[in-house]
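Quick note on my numbering: the sequence shown kicks off at 5 and runs consecutively. Each residue gets a CB set at the ideal place from its N, CA and C atoms; glycine is no exception.
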Amino acid sequence: MTTLDLLKSAFTGTFQLKEKRPNIFQIVAPFFHEDGDMMEIFVEPTSKDRYRICDYGLTLMHLSYNVNITESKESLYSRIIKENGLDEQDGNIFIESDFGNLLPNFFHFAQALAKVSSLQYLKKKAVQNLFYDLLIEHIQQEYADIPYKLKATPIPSNKESIVDVIFEFPRHPLFLFGVKENDNQKALEIAANCFEFKTENINFQSVVVYENYDTLTNKNQKRLLRATDKQFLDFEQFKHEGRRFADNVA
C-alpha cells in the first residue's frame with residue numbers, strides 16, 4: 005500500500021488527497037478563509053506512524069494580504085497558535101499526529117486556522133483583550149522593582165471604584181488607568197473614581213494610558229484631563245516615557 009493509499013484510509017474517504025511533492029499531500033476539503041479562498045492544508049509523514057499536518061506558511065501569507073500585521077496582532081496570532089495546541093516555525097503552522105488521530109486532528113487544525121485567518125475574530129479579540137494584556141505585561145516586565153497591585157480598590161468599602169494598577173511609592177501611590185480604543189464608558193468611570201478618591205482625602209497621583217486618545221469623545225477627553233494628572237496618548241508613548249515619569253513620582 006502506498007503512502008497516499010494509507011492516508012486515504014485514515015481520512016476514510018471524507019476528503020480528497022493529492023500528492024503535491026514526494027511525501028507531501030494536500031488535503032482538499034471545504035474549509036475557507038474569510039474572503040472565500042480555500043485553506044491549503046497538507047499532511048506529510050515524519051517517522052513511523054507519525055505525521056505532521058501543516059500549512060507551509062500559506063495562512064500567514066494569506067492573512068498579510070488583508071491585515072497589517074502590527075505588533076499587537078502578532079501577539080494575538082501567537083496566542084491563537086498556543087491556545088489551540090499548535091506549533092509554528094518560520095510561518096509554517098503545524099500539529100503533530102499519530103495515524104489513528106489524523107482525521108480529528110485535521111478538523112481541529114482547520115478550525116484553528118479559521119481563527120487565525122478571520123479578520124473579524126482578530127479585530128474583536130484585539131479590542132476586547134489585547135490592549136490591557138499588553139499594558140499589564142509591559143508593567144510586569146519593566147516595573148518589577150516597584151511594588152504594585154493590580155485591580156486594586158483604594159476605598160475598602162467601595163469595591164466598584166477600581167484602579168487598574170497602583171504603584172506603591174513612599175510619598176504617595178500612583179494610580180494608573182488604561183483606556184482602550186473607543187471606551188468612553190471607562191473614561192467616565194475613571195473621572196468619577198478620581199473625584200471620589202479626592203473627596204475621601206486619598207493622597208495620590210493619577211496617570212492614564214490610552215490605546216488611542218483620539219477615539220474618545222471630546223467631552224470625555226476634557227473630563228479626564230481635568231480629573232487626572234498625566235496622560236499618555238497611546239501605548240507606544242507610555243512604553244518610551246512611562247518609566248521616567250514613574251521614577252519622578254517616586
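Just to check my reading of the structure: aspartate 102 and arginine 56 have Cβ atoms closer than 8 angstroms, yes? What is that Cβ distance to the nearest angstrom? If you number the sequence shown from 1, residue 102 lands on position 98. If you number the sequence shown from 1, residue 56 lands on position 52. Actually they do not touch by this definition, with Cβ atoms about 11 angstroms apart.
So, are the CB atoms of valine 212 and glutamine 235 less than 8 angstroms apart? In the sequence shown, the residue the question calls residue 212 occupies position 208. In the sequence shown, the residue the question calls residue 235 occupies position 231. In contact: valine 212 and glutamine 235 (Cβ atoms closer than 8 angstroms).
Report all residues from its chain with a CB closer than 7 angstroms to the CB of asparagine 222; omit the five preceding and five following residues, and keep chain order. Against the sequence shown, residue 222 aligns to sequence position 218. Counting only Cβ-Cβ distances below 7 angstroms, and skipping sequence neighbours, we find nothing.
Helix, strand or coil at serine 121 [DSSP, three-state]: As a working note, residue 121 is residue 117 in the sequence shown. Of the three classes helix, strand and coil, the one that applies to serine 121 here is helix, per DSSP.
Between the C-alpha atoms of histidine 112 and serine 68, what's the straight-line distance to the nearest angstrom? Your numbering for residue 112 matches position 108 in the sequence shown. Your numbering for residue 68 matches position 64 in the sequence shown. Those two C-alpha atoms are separated by around 23 angstroms.
Inspect the beta-carbon positions of asparagine 188 and asparagine 224 and report whether they are closer than 8 angstroms. In the sequence shown, the residue the question calls residue 188 occupies position 184. In the sequence shown, the residue the question calls residue 224 occupies position 220. Yes, the pair counts as a contact, with Cβ atoms nearer than the cut-off.
Per DSSP, what are the beta-bridge partners of arginine 56 in this structure? Here residue 56 refers to the residue found at position 52 when the sequence shown is read from its first residue. Partner(s): Glu48, Glu100.
Candidates Asn186, Asp251, Leu180, of which the one nearest threonine 232 by Cα: As a first step, residue 232 must be located in the sequence shown, where it is residue number 228. It is Leu180 whose Cα lies nearest to the Cα of threonine 232.
Do you know how far the Cα of glutamate 193 is from the Cα of glutamate 172? Taking the sequence shown and counting its residues from 1, one reaches residue 172 at position 168. Taking the sequence shown and counting its residues from 1, one reaches residue 193 at position 189. Approximately 22 angstroms between the Cα atoms of the pair.
Please list, in chain order, all residues of the same chain as isoleucine 206 whose beta carbon is under 7 angstroms from its beta carbon, the five residues on each side excluded. Start at 1 with the first residue of the sequence shown, and residue 206 comes out as number 202. Correct list, in chain order: Pro158.
Helix, strand or coil: how does DSSP classify methionine 43 here? The residue you call residue 43 lines up with position 39 of the sequence shown. Correct three-state label for methionine 43: coil.
Let me know if valine 32 comes out buried or exposed under the rule of 16 or more other beta-carbons within 10 Å of its beta-carbon. Position 28 of the sequence shown, counted from the first residue, corresponds to residue 32. Exposed.
Mind reading off the beta-carbon distance from glutamate 48 to asparagine 27? Whole number of angstroms is fine, and I expect it under 8 angstroms. Numbered from its first residue, the sequence shown carries residue 48 at position 44. Numbered from its first residue, the sequence shown carries residue 27 at position 23. Sure, about 6 angstroms apart at Cβ, within 8 angstroms.
Are isoleucine 97 and threonine 63 closer than 8 angstroms when you measure CB to CB? The residue you call residue 97 lines up with position 93 of the sequence shown. The residue you call residue 63 lines up with position 59 of the sequence shown. For isoleucine 97 and threonine 63, yes; Cβs fall inside 8 angstroms.
Are the CB atoms of lysine 153 and isoleucine 170 nearer to each other than 8 angstroms? Residue mapping note: residue 153 aligns to position 149 of the sequence shown, counting from 1. Residue mapping note: residue 170 aligns to position 166 of the sequence shown, counting from 1. Contact: yes.
What number of angstroms, rounded off, separates the C-alpha of alanine 191 from the C-alpha of glutamate 185? Position 187 of the sequence shown holds residue 191. Position 181 of the sequence shown holds residue 185. Alanine 191 and glutamate 185: Cα-Cα distance of roughly 10 angstroms.
Taking the continuous beta strand (DSSP E) assigned at arginine 25, which residues delimit it? For the purposes of this step, residue 25 is taken as the residue at position 21 of the sequence shown. Segment 20–25, the beta strand (DSSP E) holding arginine 25.
Limits of the unbroken beta strand (DSSP E) element including glycine 182: Numbered from its first residue, the sequence shown carries residue 182 at position 178. 178–183 is the extent of the beta strand (DSSP E) around glycine 182.
Shortest alpha-carbon distance to threonine 16 belongs to which of Lys24, Leu229, Leu106? As a working note, residue 16 is residue 12 in the sequence shown. Answer by Cα proximity: Leu106.
Which residues does DSSP list as the beta-bridge partners of tyrosine 152? Along the sequence shown, read from residue 1 onward, the residue named residue 152 stands at position 148. According to DSSP, tyrosine 152 bridges with Phe171.
Determine the DSSP secondary structure at glutamate 240, reduced to helix, strand or coil. Position 236 of the sequence shown, counting from 1, holds the residue named residue 240. Reduced to three states, the DSSP call for glutamate 240 is helix.
Collapsed DSSP secondary structure at serine 165 in the structure displayed: Locating residue 165 in the sequence shown gives position 161, counting from the first residue. Serine 165 falls in the coil class under three-state DSSP.
Does DSSP classify tyrosine 214 as helix, strand or coil? Translated into positions along the sequence shown, residue 214 becomes position 210. Tyrosine 214: strand per DSSP, three-state reduction.
If the criterion is Cβ atoms closer than 8 angstroms, does the pair glutamine 209 and histidine 176 meet it? In the sequence shown, residue 209 corresponds to position 205, counting from 1. In the sequence shown, residue 176 corresponds to position 172, counting from 1. Taking 8 angstroms as the Cβ cut-off, glutamine 209 and histidine 176 qualify as a contacting pair.
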